[in-house]
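A.B. asks: Can you keep this structure in mind? I'll have questions shortly.
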Amino acid sequence: MTPHALTVDAGVRDLRAADHLLHGLAAVLDLPDAVFGCTHLVRGERPCVVVSLALPSGPLLSTVEERLAAHGHPVTRGIPDAVGRAVLYPGAASLTGTLTVADVVARSAIDRVTVLGAPHPPTTDTRLVTNGHVRPRWTDDGDLVLSAMPAAGGVLVPFEMPDPTPCCADH
38 MTPHALTVDA GVRDLRAADH LLHGLAAVLD LPDAVFGCTH LVRGERPCVV
88 VSLALPSGPL LSTVEERLAA HGHPVTRGIP DAVGRAVLYP GAASLTGTLT
138 VADVVARSAI DRVTVLGAPH PPTTDTRLVT NGHVRPRWTD DGDLVLSAMP
188 AAGGVLVPFE MPDPTPCCAD H
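Here it is, written out as structure tokens:
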């Protein structure tokens, strides 16, 4: 990630709302594709989800910071932690449909794909059905990693589903 980062605390309480906030900010601010936009869970007295923007330059950071403040968004410099969940990242828009693991890594900022519970990484020709929702996470060692899980037909799907069924939905 880049040292040119800021955090926005808009009082969002869930990941879906934070995703919408990031996409909205990217559109309103006309952010370049090189921007990383992440969600971060904040625990404590006021649990919430904050979003961070890592920008490619200091001048862009200052411009974005000023524009966010003008729109009433509380902004602080830096990021709350190094292990955010990426929503905006280079190549994210190209990760649609069914792709190979090699395609995912080649087309985006994602460094690697892992399979939950598997002792080894998937082969480069393993197919991944994106469902239009690919949310990799930063690791402590600075890699952007997509966690996937096996699905019917011998393919993988991202671990995080776009519209998960709420717990106890049928009760």
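Using the numbering used here, you'd call the opening residue of the sequence shown number 38 and step up by one each time. Where a beta carbon is used, it is the ideal one built from N, C-alpha and C, also for glycine.
Using the rule of at least 16 other Cβ atoms within 10 Å of the residue's Cβ for burial, across every protein chain shown, is E82 buried or exposed?
C.D. replies: Position 45 of the sequence shown, counting from 1, holds the residue named residue 82. Classification of E82: exposed, given that the 10 Å Cβ count is below 16.
A.B. asks: Please list, in chain order, all residues of the same chain as S94 whose beta carbon is under 7 Å from its beta carbon, the five residues on each side excluded.
C.D. replies: Here residue 94 refers to the residue found at position 57 of the sequence shown. Cβ neighbours of S94 beyond the five flanking positions: H41.
A.B. asks: Relative to the C-alpha of H170, which residue among V120, A185, S99 is closest?
C.D. replies: In the sequence shown, residue 170 corresponds to position 133, counting from 1. Closest by alpha carbon: A185.
A.B. asks: If you drop the 5 nearest sequence neighbours on each side, which residues of the same chain put their C-beta closer than 6 Å to that of H208?
C.D. replies: The residue you call residue 208 lines up with position 171 of the sequence shown. Because the pLDDT of H208 is 44, which lies under 50, any placement of that residue in the model is unreliable, and the number read from its coordinates should be weighed accordingly. There are no such residues.
A.B. asks: Ignore the nearest five residues each way along the sequence and tell me which others in G48's own chain have a CB closer than 7 Å to its CB.
C.D. replies: If you number the sequence shown from 1, residue 48 lands on position 11. Excluding positions up to five away in sequence, the list reads C85.
A.B. asks: Let me know if E103 comes out buried or exposed under the rule of 16 or more other beta-carbons within 10 Å of its beta-carbon.
C.D. replies: The sequence position of residue 103 within the sequence shown is 66, counting from 1. Result: exposed.
A.B. asks: Expressed to the nearest angstrom, what Euclidean distance is found between the alpha-carbon atoms of H108 and A63?
C.D. replies: Looking up residue 108 in the sequence shown gives position 71. Looking up residue 63 in the sequence shown gives position 26. Whole-angstrom Cα-Cα distance: 14 Å.
A.B. asks: So, do the region 152-160 and the region 120-130 have three or more beta carbon pairs nearer to each other than 8 Å?
C.D. replies: No, the region 152-160 is not in contact with the region 120-130.
A.B. asks: Relative to the alpha-carbon of V138, which residue among V194, R50, D46, A71 has its alpha-carbon at the smallest distance?
C.D. replies: As a working mapping, residue 138 is identified with position 101 in the sequence shown. Closest by alpha carbon: V194.
A.B. asks: Distance, Cα to Cα, V87 vs H57?
C.D. replies: Start at 1 with the first residue of the sequence shown, and residue 87 comes out as number 50. Start at 1 with the first residue of the sequence shown, and residue 57 comes out as number 20. Going by the C-alpha atoms only, they are around 12 Å apart.
A.B. asks: With a 10 Å radius around its C-beta and 16 neighbouring C-beta atoms as the bar for buried, classify H77 as buried or exposed.
C.D. replies: Indexing the sequence shown from 1 puts residue 77 at position 40. Looking at its Cβ environment, which holds 16 or more other Cβ atoms inside 10 Å, H77 is buried.
A.B. asks: With DSSP as the reference, please indicate the residues paired to T137 in a beta bridge.
C.D. replies: By one-based count along the sequence shown, residue 137 stands at place 100. Partner(s): R164.
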